[in-house]
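Residue numbering for the sequence shown follows the working numbering, beginning at 3 and increasing consecutively.
Backbone N, C-alpha and C fix where the C-beta goes; we use that ideal spot for every residue, glycine too.
As the structure is a computational prediction, the values presented were derived from the model and not from experiment.
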Amino acid sequence: MNIGTQTDRRWSALALIVTAQFMVILDIAIVNVALPSIKTDLDFSQTNLQWVVSAYAIMFGGALLLGGRLADLLGRRRLFVAGLALFAAASLLCGLAWSEASLILFRALQGLGGALLAPAALSLLVTRFEEGRERNLALGIYGAASGSGAAVGVLLGGILTSYLSWSWVFFINVPVGLAAIALTPLLLPEGRASLAHRHFDVPGAASITAGLMLLVYATTRATSDGWGAPTTVALFAGALALVLTFVLIELRSPSPLLPLRIFRLRTLVGANAAMAIVGGVAFSEFFLLTLYLQDVLHYSAVETGVAFSGFALSVVVSSNIAQAVVSRVGVRPTLTAGLLMSAASVAWLTRLPVDGRYFWDLFPAFV
3 MNIGTQTDRR WSALALIVTA QFMVILDIAI VNVALPSIKT DLDFSQTNLQ WVVSAYAIMF
63 GGALLLGGRL ADLLGRRRLF VAGLALFAAA SLLCGLAWSE ASLILFRALQ GLGGALLAPA
123 ALSLLVTRFE EGRERNLALG IYGAASGSGA AVGVLLGGIL TSYLSWSWVF FINVPVGLAA
183 IALTPLLLPE GRASLAHRHF DVPGAASITA GLMLLVYATT RATSDGWGAP TTVALFAGAL
243 ALVLTFVLIE LRSPSPLLPL RIFRLRTLVG ANAAMAIVGG VAFSEFFLLT LYLQDVLHYS
303 AVETGVAFSG FALSVVVSSN IAQAVVSRVG VRPTLTAGLL MSAASVAWLT RLPVDGRYFW
363 DLFPAFV
């Protein structure tokens with residue numbers, strides 16, 4: 003009876019962790035369908051509109067390393083709750099935003115909240131399930147939530163924007179976040195890593211996050227000012243200087259945020275390079291295809307969301323199949339097949355016409 007109760011609690015804990023991760027990934031994409039409405043209501047320029055997506059993604063990615071370190075030092079459950087609280091509070095502020103600058107700032111705070119809870123959530127999952135079939139199954143479910151979150155976000159964003167307003171794509175996170183905070187002490191144990199050094203490496207986190215943000219800003223300015231303009235060159239030089247500063251900090255730190263020796267591991271480097279490419283392609287696709295569907299094909303927000311359901315359902319199904327395929331044939335063949343199919347999808351989308359038809363021009367690429 004006791005063993006059964008512990009098993010049930012583990013799967014309940016997984017449900018909580020997956021819900022939090024789903025919410026974090028969903029919020030990268032949920033605003034895409036709402037972008038035309040946000041642009042009109044808050045008087046965004048076309049150039050700055052991408053910062054509604056980029057501010058969240060850059061802060062999330064830039065602070066993930068610091069989030070992982072804080073989880074090890076301060077406690078994984080404690081940081082999980084702190085991340086949820088910040089994420090929910092920032093979501094409320096995003097819904098109440100009154101200008102370009104305020105929404106971009108609050109989106110960055112959302113990204114910081116996600117960066118605090120995401121590594122803590124993954125650590126809690128790994129420590130709750132022993133290596134083997136159960137952990138593979140748990141990671142498959144976790145991967146399905148991560149992969150489908152972006153696609154479901156577009157669908158949910160379309161429904162909320164059409165029937166309520168764009169503010170509700172943010173407000174919806176508040177009750178979910180509060181419920182998760184209330185359930186955390188009941189389902190998740192506290193835990194932290196045994197580390198000899200309690201060093202947070204804030205300079206490292208600050209330099210790499212600032213460098214990434216400046217790099218994106220430089221790219222944005224390049225599209226309007228020109229790639230060879232003095233301002234563009236100066237911005238790229240500043241971004242490069244900040245990234246190099248991060249490398250120097252990590253080389254000299256007694257307890258670096260990112261130990262550079264890990265890049266000697268070919269498997270780790272290859273996996274991260276693949277994920278960087280896939281992530282860059284996927285999220286730029288969501289941004290551009292949302293604008294294509296609404297501004298070129300004149301789909302409504304709901305129709306745009308439904309259009310992405312082919313992608314969402316495919317991710318949910320294939321993520322659960324993938325963990326079984328990996329167990330049978332190994333990681334490399336599975337990854338290679340996935341990357342080849344992704345490349346084929348992008349190639350299909352490069353031929354999108356102005357008068358595109360959904361089931362011929364988009365649906366096959368989504369699947």
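Output yes or no for whether 7 Å exceeds the beta carbon distance between residue i and residue j.
i, j, result
"Phe289", "Val35", "no"
"Leu293", "Ala309", "no"
"Phe24", "Ala147", "yes"
"Leu68", "Leu119", "no"
"Val20", "Tyr165", "no"
"Ala208", "Leu259", "no"
"Leu127", "Ala140", "yes"
"Phe108", "Ala92", "yes"
"Thr378", "Gly155", "In the structure displayed, the chain extends from 3 to 369; residue 378 sits before or after that span and is not available."
"Ala15", "Arg137", "no"
"Gly115", "Leu72", "no"
"Trp53", "Ile106", "yes"
"Thr336", "Val348", "no"
"Gly312", "Phe365", "yes"
"Ala220", "Ala243", "no"
"Ala22", "Ala182", "yes"
"Leu28", "Leu51", "no"
"Ala117", "Leu66", "yes"
"Ile210", "Gly332", "no"
"Ser125", "Asp203", "no"
"Leu185", "Leu18", "yes"
Shortest alpha-carbon distance to residue i belongs to which of the options?
i, options, result
"Ile251", "Ala346, Pro205 and Phe89", "Pro205"
"Gln112", "Leu94, Val319 and Leu127", "Leu94"
"Trp350", "Val369, Val333 and Val280", "Val369"
"Val304", "Leu162, Ser169, Leu267 and Trp100", "Leu162"
"Gly77", "Pro121, Pro232, Gly282 and Pro366", "Pro121"
"Glu287", "Leu51, Ala367, Val333 and Leu242", "Ala367"
"Asp318", "Ala103, Ala17 and Gly142", "The amino acid occupying residue 318 in the given sequence is Val; Asp does not appear at that position. Nearest option by C-alpha distance: Gly142."
"Ile60", "Leu246, Ala110 and Ala345", "Ala110"
"Val280", "Ala345, Leu262 and Ser101", "Ala345"
"Ala103", "Phe285, Ala57, Leu75 and Arg135", "Ala57"
"Lys41", "Arg11, Val178, Ala273 and Asp297", "Asp297"
"His300", "Trp229, Tyr360, Leu262 and Ser329", "Tyr360"
"Cys96", "Asn322, Val33, Asn274 and Gly282", "Val33"
"Ser39", "Asp363, Ser302 and Pro355", "Ser302"
"Val26", "Ala99, Gly179 and Ser101", "Gly179"
"Ala339", "Ala276, Gly230 and Leu315", "Ala276"
"Gln325", "Phe285, Arg135, Asp227 and Asn274", "Arg135"
"Val283", "Met343, Thr222 and Ser329", "Met343"
"Asp74", "Trp100, Leu98, Thr225 and Ser257", "Ser257"
"Leu291", "Thr233, Val356 and Val271", "Val356"
Output yes if chain B places a C-beta closer than 7 Å to the C-beta of residue i; else output no.
i, result
"Ile27", "No chain B appears in this structure, which consists of one protein chain only."
Quick check: the stretch 171-191 against the stretch 43-62, are there 3 or more CB pairs under 8 Å?
no
So, do the stretch 185-193 and the stretch 77-94 have three or more beta carbon pairs nearer to each other than 8 Å?
yes
State whether the stretch 236-248 contacts the stretch 205-221, with contact taken as three or more CB pairs (one from each stretch) at a distance under 8 Å.
yes
Counting only runs of 4+ residues fully inside the stretch 137-221, write out the alpha helix (DSSP H) ranges in chain order.
170-173 and 175-189
Could you name each continuous alpha helix (DSSP H) segment of 4 residues or more that falls completely within the stretch 40-106, going from the start of the chain to the end?
48-51, 53-76 and 78-97
Quick check for students: name the residue ranges of the alpha helix (DSSP H) that lie wholly in the stretch 330-369, counting only runs of 4 or more.
333-351 and 365-368
Could I get the ranges of all uninterrupted alpha helix (DSSP H) runs contained in the stretch 19-43, with 4 residues as the minimum, in chain order?
37-43
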